[in-house]
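Q:
In the working numbering, the protein residues as written are 28 to 210.
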């Protein structure tokens with residue numbers, strides 16, 4: 028089971044983007060945390076609350092304005108068991124100065140963000156828009172609500188803290204690998 032967790036503050040943005048292709052499925056659950064009234068004071072607080080409700084072996088955290096297909100969610104989750112040392116996996120990650128690896132597109136028309144990835148790439152940190160943790164890693168090391176008492180850098184903080192504990196951080200593709208010569 029996969030748990031997709033999103034804290035949102037705009038129902039229409041959530042509907043137009045994250046929920047456009049993603050509906051409750053038989054192998055994943057959606058945990059949507061309504062923050063339109065400011066119920067949560069930080070991302071760490073909200074995401075810990077969502078993770079406590081989750082039943083999945085993989086926790087995927089997504090921003091409300093991300094478009095993602097169910098197959099991409101499943102693929103990202105598959106890496107949490109395939110990569111035994113995985114602490115955090117993200118759709119985009121930074122390995123060093125000017126070394127951004129990503130499978131994301133943004134803008135209109137959509138353009139690639141960073142260097143495209145096919146296989147997992149070890150990175151220092153991942154982008155907060157779409158990332159995953161094995162649930163047992165989160166249970167041992169939840170988001171730090173004291174250090175991250177705001178709405179930014181919570182994924183970066185988790186990456187750095189988990190790296191210090193010996194976990195690896197990866198940028199992973201949500202697309203099936205393409206063969207040579209295929210478009």
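C-beta atoms are modelled at their ideal positions from N, C-alpha and C, and glycine is treated no differently.
Would you call the CB atoms of residue 150 and residue 120 closer than 9 Å?
A: The residue labelled residue 150 in the question sits at position 123 within the chain shown. The residue labelled residue 120 in the question sits at position 93 within the chain shown. Yes; because the gap between Cβ atoms is below 9 Å, this pair is in contact.
Q: Runs of 4 residues minimum, wholly inside the stretch 57-125: which ones carry the alpha helix (DSSP H) assignment?
A: For the stretch 57-125, whole alpha helix (DSSP H) runs of length 4 or above, ordered along the chain, are 70-80, 97-109.
Q: From residue 132 to residue 118, what distance separates their C-alpha atoms?
A: Locating residue 132 in the chain shown gives position 105, counting from the first residue. Locating residue 118 in the chain shown gives position 91, counting from the first residue. Each residue's alpha carbon lies about 10 Å from the other.
Q: From this set, 59, 39, 129, which residue's C-alpha is nearest residue 154's C-alpha?
A: Numbered from its first residue, the chain shown carries residue 154 at position 127. If we check each option's Cα against that of residue 154, 129 comes out closest.
Q: For the structure I just gave you, are there three or more beta carbon pairs, one from the stretch 180-196 and one from the stretch 97-115, closer than 8 Å?
A: Enough Cβ pairs lie closer than 8 Å, so yes.
Q: Grouping DSSP H, G and I as helix and E and B as strand, with all else coil, what is residue 159?
A: Here the question's residue 159 lines up with position 132 in the chain shown. Strand, per DSSP.
Q: Under the rule that 16 or more other beta-carbon atoms within 10 Å means buried, what is residue 162, buried or exposed?
A: Within the chain shown, the letter at position 135 stands for residue 162. By the neighbour-count rule (16 or more Cβ atoms within 10 Å), residue 162 is buried.
Q: With a threshold of 6 Å on Cβ separation, who are the neighbours of residue 92 within its own chain once the five nearest residues in sequence on each side are excluded?
A: Stepping through the chain shown from its first residue, residue 92 is reached at position 65. Result list for residue 92: 40, 44, in chain order.
Q: Considering just the uninterrupted stretch of the beta strand (DSSP E) at residue 197, what are its terminal residues?
A: Start at 1 with the first residue of the chain shown, and residue 197 comes out as number 170. Run containing residue 197: 195-198, per the beta strand (DSSP E) assignment.
Q: Give the straight-line distance between the Cα atoms of residue 180 and residue 174, rounded to the nearest whole angstrom.
A: Reading the chain shown from its first residue, position 153 is the one you call residue 180. Reading the chain shown from its first residue, position 147 is the one you call residue 174. Roughly 10 Å separates the two Cα atoms.
Q: Since residue 100 contacts residue 77 with CB under 8 Å, what's their CB separation in whole angstroms?
A: Locating residue 100 in the chain shown gives position 73, counting from the first residue. Locating residue 77 in the chain shown gives position 50, counting from the first residue. Not a contact, Cβ separation roughly 15 Å.
Q: Could you check what DSSP says for residue 152 in three-state terms: helix, strand or coil?
A: For this step, residue 152 is matched to residue 125 along the chain shown. Three-state DSSP puts residue 152 in a strand.
Q: Could you please give me the residues that DSSP links to residue 143 through a beta bridge?
A: Translated into positions along the chain shown, residue 143 becomes position 116. According to DSSP, which records beta bridges pairwise, residue 143 is partnered with 129.
Q: Suppose the cutoff is 8 Å on Cβ atoms and the five residues either side in sequence are ignored; what does the same chain contact list for residue 189 look like?
A: Looking up residue 189 in the chain shown gives position 162. Counting only Cβ-Cβ distances below 8 Å, and skipping sequence neighbours, we find 114, 115, 164, 168, 196.
Q: Quick one, are the C-beta atoms of residue 122 and residue 198 less than 9 Å apart?
A: Taking the chain shown and counting its residues from 1, one reaches residue 122 at position 95. Taking the chain shown and counting its residues from 1, one reaches residue 198 at position 171. Yes, Cβ-Cβ distance for residue 122 and residue 198 is below 9 Å.
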